Amino acid sequence: MDYKDLADLIFPNAKDISYYEEKYPERNLEEGAVVTRFAPSPTGFVHVGGLMQCVINRQLTKQTNGVFLLRIEDTDQKREIENGVSQIVNAIKDFGIEFDEGMINETEEKGSYGPYKQSKRADIYQAYAKYLIEQGRAYPCFATPEELEEMRKKQEAAKIRTGYYGVWATYRNLSVEEAAEKIKAGKPYIIRFKSMGSEEKKIRHHDVIKGNIDFPENDQDIVIIKADGLPTYHFAHAVDDHLMRVTHVIRSDEWVSSIPLHLELFKALGFKTPKYCHYAPILKEEDGKKRKISKRKDPEAAVSYYHEEGIPAKSVCEYLMNIGNSNFEGWRRANPDLPMSEFKFEINKMSVSGAIFDIVKLLDVSKNVISKYTKEQMYNEVLEWANRYDEELASLLSNKEYSLKIFGIERGNSKPRKDIAKWSDVKDAIIYMYDDKFLSQNADFEYAKINNLEEIKKILSLYMEKYFDINDDKQTWFDKMKDLADKLGYAREVKEYKQNQEAYPGHVGDISTVLRVSLTGRQNTPDLYEIMQVLGTESIQKRVNRILEK
RNA sequence: GGCCCCGUGGUCAAGCGGUUAAGACAUCGCCCUUUCACGGCGGAGACAUGGGUUCGAUUCCCGUCGGGGUCACCA
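The opening position of the first sequence corresponds to residue -1 in my numbering, with each subsequent residue numbered one higher.
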């Protein structure tokens, strides 16, 4: 009896690996094309780090005419939730990212390198496991969890490395006959890789992002096929990324310590190793310490958070691109109007140390992104968001024509406003422009310097009587404000007032503040002339009359 | 604890043997024909630390300290 017989005994129905090698041939892509993948568990949850990976992968594969695929790693049933795949696909789609290949929902997929769900690939893994057994590079292990636990305790007591390796790998030296006998007797087992590495020997690996890294060779006989017949991550990674002809494995750096193992697996399987790109995860600062941004503790870890807050997808993508490649920011300043897809992403420029997630910076990026929107884009996106998350805002926006006028205030010029960072800011920023909201609330406004009601009334009534005309152009309107100030004994210029404060009770700015507060209820607003143009005569009169009638 | 990685202002970061050590966000001040926002100008603020190597180290080497990752039939 030899390895071949043992392999046949364990996997009698597995196909020869040449079948799969032919079924999934090298891709016919142009030189330099990157094939990469996003490979989440079907938990339905997408982490910002995962989104960043998608943003980067999408950019990279687009600019090299490569392939970006979605593979679902569902070899651990505990991680699975209902509709998990669809939720992931949709969450990523919310950010404008779609996959070239892979799962599109729980059951359907596209592309010819599938199945793209690992639980549907059991036969493939078994074929390769069988191959390894035939080669004498894998073997059945009959160790019970109790035996393993006992082994670990001994190792800890002896203060030596834990794990299944060397002399501790009791079942690796079982003869083929002994192993066959146990199998026939029905003893439960799993399949382990037989490592030929040595802890004494060093290997050097070149990571695209991290550069050269030295480690000891792998010598662990890790499990490759679990009791449920499904592969472990390590084995699935090797088989899938090879068969899907992935060129770049871009993943979080929590995997770097597995590199020696993966390298040995690829070698034993006769696979060409992909380029490894290990990026640092997004961090969070807490009590002066850094830690990975956490699904449990940090709401901003979930991609859905940004969607709910109404931070535009484009803003989030630009921010993540910025974390991914710090030279993106410089490029963006130099090319403010180019689409992000024009930016040449370079993997090797990714940071080796983790960045603390900076929501303030993200919001700043977002303000810039939003400031470039046209009023129509603005309206459409805000409405879409409001329909989902803010009923009151949605009802305000039902008057499209009027809403567009509001969104047009100080927009589209060379110095657009940058006061909106997210859609959840919008309602507060525009609500006073709607008469039914504004007039139904009390008018106990907080005025500034001029806060005497009689004086306020005097200013307003004179203004409405002698100066107000909705058809005035901005300069005329402005001059009239000065005339009004003059007439009431205030300085027509601020400078004039500052030079001679005793001579005046205030200046034109104080007068216009009275009008501003009366019309909007606020001391700080966008350009008052534009606001009045949008409001129109009737609304202005109503608003002023409320104050005059007090 | 073993192994691996990282350590430039509050944050993100250029620089990689000789620089007045960029830039962005945040912060502070001034200016910007009336607020706010924008914009402009300016300020404060950093090479973790100790040894080497070198004519010269933020840049190279070693130690220390600090931070992170990983050591599952989870991914």
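Cβ atoms here follow ideal geometry from the backbone N, Cα and C, with glycine treated the same way. These numbers come from a predicted model, not from an experiment.
- Here Asn210 is bridged, per DSSP, to His204.
- Closest by C-alpha distance to Gln75, out of Met338, Gly227, Lys342, Asp467, is Gly227.
- With a cutoff of 8 Å on beta-carbon distance, Glu132 and Ala5 are scored as near each other.
- Counting the other Cβ atoms within 10 Å of the Cβ of Thr535 gives fewer than 16, which makes it exposed.
- The straight-line gap separating the alpha-carbon atoms of Leu259 and Thr73 is approximately 19 Å.
- With contacts defined as CB atoms closer than 8 Å, Lys208 and Phe140 fail to qualify as a contacting pair.
- For Ala489, the secondary structure class from DSSP, reduced to helix, strand or coil, is strand.
- According to DSSP, Leu228 shares a beta bridge with no other residue.
- Restricting attention to beta strand (DSSP E) runs no shorter than 3 residues, the segment 101 to 144 encloses them at 136 to 139, ordered along the chain.
- Looking at the DSSP output, Ser412 bridges to nothing.
- Annotation for Glu104: Asn81, Val83, Ser84 place their beta carbon closer than 7 Å to its own, counting only its chain and skipping 5 residues before and after.
- Residue pairing by DSSP places His235 in no beta bridge whatsoever.
- Contact check for Lys480 against Val512 fails: the beta carbons are separated by 8 Å or more.
- Residue burial annotation: Thr168 is exposed, with fewer than 16 other C-beta atoms found within 10 angstroms of its C-beta.
- At the C-beta level, Glu307 and Val46 stay beyond 8 Å of one another.
- Of the candidates Pro40, Ile54, Pro38, Ile54 places its Cα closest to the Cα of Val314.
- Excluding five sequence positions before and after Ser537, the CB atoms of its chain that fall closer than 7 Å to its own CB belong to Asp433, given in chain order.
- In this chain, Phe269 is not harboured by any alpha helix (DSSP H), its DSSP state being neither H nor E.
- Looking at the DSSP output, Arg249 shares a beta bridge with His276.
- Setting aside the 5 residues that flank it on each side, Gln57 is surrounded in the same chain by Met319, Met338, Ser339, Phe341, Phe343, each with a C-beta closer than 8 Å to its C-beta; the list follows chain order.
- When the alpha-carbon of Phe264 is set against those of Pro279, Lys287, Ala234, the nearest one is in Ala234.
- Distance check between Phe43 and each of Tyr317, Lys293, Lys365 places Lys293 closest, using alpha-carbon atoms only.
- In the DSSP assignment, the residues bridged to Val33 are Val65.
- Per DSSP, reduced to three states, the secondary structure at Phe191 is strand.
- Counting along the chain, the unbroken alpha helix (DSSP H) around Val174 starts and ends at 174 to 182.
- Exposure of His204 is indicated by the presence of fewer than 16 other C-beta atoms within 10 angstroms of its C-beta.
- By the Cβ rule, the segment 384 to 396 counts as touching the segment 418 to 425, because three or more pairs are nearer than 8 Å.
- Taking one beta carbon from each stretch, the segment 279 to 288 and the segment 60 to 69 have fewer than 3 pairs nearer than 8 Å; the two do not touch.
- In the displayed model, Ala300 falls within a strand according to three-state DSSP.
- The Cβ atoms of Leu130 and Ala266 sit closer than 8 Å to each other.
- The DSSP-derived three-state label of Gln499 is helix.
- Inclusion of Ile122 and Leu261 in the CB contact set at 8 Å is not warranted, their separation being larger than that value.
- Glu96 is not a Cβ neighbour of Tyr114, given a cutoff of 8 Å.
- Here the segment 452 to 468 makes contact with the segment 509 to 523; the two share three or more CB pairs at distances below 8 Å.
- Between Ile407 and Val532, the gap from beta carbon to beta carbon is short of 8 Å.
- For Ala155 and Glu106, the gap between their C-alpha atoms comes out near 50 Å.
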